[in-house]
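Here's the structure, in structure tokens; my notes come after.
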Amino acid sequence: MNRLAILLTIVFLSCASCTVHPAGEQDERHRAAVEGQRYMMRPEDRSQPSLPANPSRDELVQYADLASPELEQRFWEWKAAIEQIPQDGTQPTNLVLYANVPLTHGSTAFNRTVLTAANDPMADIQWPSKPTTAARRALQEARVAGLRFQQAKRDLRQKVLGIYADYAATAQLLRLEKINAQLLATIASVAQAGVPSGKTAQPVAMNARNEVELSKNRIAELDAKMGQLRAALNAAIGREPEAVLSLPPSLPPLRRANFVSSTLLKLISERSIELASLDADEQARDDGLKLAKLQYVPDFSLSASTDLGGAVQNLMGMVTVPLLRYQAIDAAIAQAEANLRKIDSMRRQTAIDLRSRIVGDVAMLDQLQRQAISLESIVIPRAQAIAQLDQSIFEIGGTPLMTIVDAQRSLIELRRLDVNIRSAYETTVLDIENVVGPIVN
């Protein structure tokens with residue numbers, strides 16, 4: 166067999182079967198391998214750590230990261246996108262080997278048998294830049310999927326801590342309402358006792374009893390809300406809705422930080438996973454546009470044959486010119502350009518929306534923090550002092566019981582307001598952290 170034919174066959178095989186691995190693919194695979202270690206075993210075979218009896222915020226988030234099926238779904242989407250890279254980077258053709266055995270009067274001649282190696286006639290050999298560009302596009306799409314996985318972790322954190330903050334706030338409101346119900350019962354008893362003597366009008370006593378009933382309804386409503394939030398929090402961290410979850414002993418401490426709009430706006434471009442995902446998506450669409458333009462580049466086919474006697478060797482080639490497909494190719498290019506422009510517009514709008522969101526959140530935090538500080542340092546201490554003073558005066562017979570009860574109810578209303586402000590504050594901080602990541606200070 167001619168050495169030239171052997172060499173050309175080897176070149177052909179190398180060209181037709183190569184797979185492109187773009188720079189960055191191994192890094193992406195490594196990141197996925199690190200993040201996905203806990204997902205390699207089937208769910209029923211995994212050992213899930215137990216949740217402490219009184220879990221902290223961080224323990225709830227860690228448990229959710231390990232157990233959330235929604236987060237696992239995002240990981241497998243990422244993994245599937247990575248495995249698309251070698252598929253897009255591989256030549257679509259296959260090697261075809263066949264032999265032509267001549268038959269003469271029922272006999273064969275070994276030396277005249279012709280062996281042929283060719284690519285699959287149903288799939289041409291693409292110009293090398295085509296699978297290379299397709300692989301780069303697939304890599305960017307895998308990065309998009311990886312960033313969406315990271316954003317899903319942030320979303321899960323915001324969801325878990327947001328429900329936990331609402332759960333803790335509702336528990337505090339329930340405790341306050343139970344105290345309020347006791348005070349209302351006292352008011353109703355005093356009012357009812359004054360009816361026979363005419364000291365209290367009958368409508369006043371009836372209104373007092375109505376207030377007691379309404380307070381009982383609010384207690385039942387808050388108790389039902391506690392059950393809903395417990396089920397929602399269990400579901401968010403990947404547990405059964407009926408699983409036992411202890412009541413938070415108190416509200417999370419107010420995370421006071423120097424939230425400055427200008428500083429946070431700078432962090433958006435550095436830490437926003439959503440913008441990074443759109444940047445990678447835009448790069449993928451740009452590679453898609455390049456790939457669409459490359460469809461004008463002809464594909465080709467090769468075949469090499471030789472007889473076993475070494476007398477005849479043939480090398481054949483064919484070029485597929487996409488001359489009759491120019492309208493489809495032009496449309497594909499226009500479509501790719503439209504998709505690229507769409508992502509660019511989406512990226513610019515998302516940046517505007519995130520900046521607006523941060524500015525609005527900071528303005529809200531300033532107002533909530535001002536109210537919280539005023540309540541904690543001025544209003545509530547003053548109300549406590551008034552209640553203590555009324556208690557002292559009552560003990561020496563200088564003020565009626567109702568004055569003490571009213572002072573205690575006023576203090577409860579202030580504490581309710583403080584609970585709602587703290588809950589809104591925590592929710593707003595979580596919204597900022599969803600954009601720029603956890604904030605230490």
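Under this note's numbering, read the sequence shown as residues 166 to 606, first letter to last.
Quick reminder that beta carbons are idealized off the backbone N, C-alpha and C, glycines included.
Note that the structure is predicted; figures quoted are calculated from it, not measured.
If the five residues before and after Thr-255 are omitted, its C-beta is found closer than 6 Å to the C-beta atoms of Thr-184, all from its own chain and listed in chain order. For the pair Met-483 and Ser-470, the CB atoms are not nearer than the 9 Å cut-off. The Cβ atoms of Val-570 and Leu-321 lie no closer than 9 Å to each other.
By alpha-carbon distance to Met-287, the top candidate from Val-261, Asn-276 and Pro-413 is Val-261. Exposed is the label assigned to Leu-489, since fewer than 16 other Cβ atoms lie within 10 Å of its Cβ. Assignment of Asn-479 by DSSP, reduced to helix, strand and coil, places it in the strand class. Straight-line measurement puts the Cα of Ile-577 at about 16 Å from the Cα of Asp-555. Excluding five sequence positions before and after Ala-353, the CB atoms of its chain that fall closer than 8 Å to its own CB belong to Ala-370, Ala-373, Arg-374, Glu-376 and Val-377, given in chain order. Rounded to whole angstroms, the gap between the alpha carbons of Asp-223 and Arg-239 is 21 Å. In the displayed model, Ser-468 falls within a strand according to three-state DSSP. The Cβ atoms of Arg-319 and Gly-525 lie no closer than 9 Å to each other. Between Met-206 and the set Ala-356, Ala-548, Leu-231 and Gln-305, the nearest pair of CA atoms involves Leu-231. Counting the other Cβ atoms within 10 Å of the Cβ of Ser-466 gives 16 or more, which makes it buried. Secondary-structure assignment with DSSP links Asn-284 through a beta bridge to Leu-260. By the C-beta density criterion, Arg-421 is exposed, having fewer than 16 other C-beta atoms within 10 angstroms.
For the 9 Å CB-CB criterion, Ile-438 and Gln-315 form a contact. Around the beta carbon of Arg-587, 16 or more other beta carbons lie within 10 angstroms, which makes this residue buried. Excluding residues up to 5 positions away in sequence, Leu-387, Lys-390, Met-391 and Leu-394 lie with their Cβ nearer than 7 Å to the Cβ of Thr-335 in the same chain. For Ala-550 and Ser-557, the gap between their C-alpha atoms comes out near 11 Å. Excluding residues up to 5 positions away in sequence, Leu-312 lie with their Cβ nearer than 7 Å to the Cβ of Ala-441 in the same chain.
Counted as a single uninterrupted DSSP element, the stretch harbouring Leu-216 is not any alpha helix (DSSP H), since DSSP gives it neither H nor E. For Ala-232, the enclosing alpha helix (DSSP H) starts and ends at 222-232. Remark: C-beta atoms of Gln-291 and Asp-464 approach each other more closely than 9 Å. Remark: C-beta atoms of Leu-419 and Tyr-329 do not approach each other more closely than 9 Å.
Boundaries for Glu-407: no alpha helix (DSSP H) harbours it, and the DSSP string shows neither H nor E there. Restricting attention to Ala-457, Ile-344, Pro-414 and Ser-426, the CA atom closest to the CA of Ala-503 is found in Ala-457. The beta carbon of Ala-303 is closer than 6 Å to those of Gln-249, Ile-250 and Asp-253 in its chain, skipping five residues each way along the sequence. Residue pairing from DSSP leaves Thr-297 without any beta-bridge partner. Between Thr-281 and Ala-307, the CB-CB gap reaches or exceeds 9 Å. According to the DSSP assignment, Lys-458 belongs to the alpha helix (DSSP H) that extends over 438-458. Only residues of its own chain outside the window of five on either side were considered, and among them Ala-197 and Gly-201 have a CB closer than 8 Å to the CB of Lys-244, listed in chain order. If you look at Ala-366, you'll find it isn't in any alpha helix (DSSP H); DSSP assigns it neither H nor E. Given a length threshold of 3 residues, each whole run of the beta strand (DSSP E) inside the segment 470-532 is given here in chain order: 478-485. Spatial neighbours of Asn-259 in its own chain (CB-CB distance under 6 Å, excluding positions within 5 residues in sequence) are listed in chain order as Asp-285. Look at Leu-268 here: in three-state DSSP terms it is strand. Take the alpha-carbon of Ser-380 and the one of Ser-542: they are about 29 Å apart.
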